[in-house]
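Numbering-wise, my numbering comes out as the position in the sequence shown, counting from 1, plus 4.
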Amino acid sequence: MNPISIFCPVTNRSVGTGIETDWSTFFALQPLRLRVRCPDCGGRHDVAVGDGYLARSESGADGGRPDDNPRIESLLARLPEN
Ligand SMILES: [Zn+2]
């Protein structure tokens, strides 16, 4: 299971939503919107799941992630360099 993360529109940094799922569920959830209490700026954000990304799990496992999906690459490309 990997945590769904979003980009804070205030600080533009990635923040976790506290929701963990796998890649196939993540893609199924993309049209949905999440209301997230942001730990970065303290505000609430109403964001589409598809505007976020699925972070690597704490164990480092990346279960079910398709290696050759261009959509994933475009999402990962939005991650900050660090
Ligand atoms: Zn925020």
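Cβ atoms here follow ideal geometry from the backbone N, Cα and C, with glycine treated the same way.
query, result
"By the 10 Å Cβ neighbour count, where 16 or more other Cβ atoms means buried, how is Ser28 classified, buried or exposed?", "exposed"
"DSSP on Ser28, reduced to helix/strand/coil?", "helix"
"Are the CB atoms of Ile10 and Leu58 within a distance shorter than 8 Å?", "no"
"State the Cα-Cα distance for the pair Phe30 and Gly46, rounded to the nearest angstrom.", "25 Å"
"Terminal residues of the continuous beta strand (DSSP E) containing Pro13?", "Premise fails: Pro13 is in no beta strand (DSSP E) and is neither H nor E."
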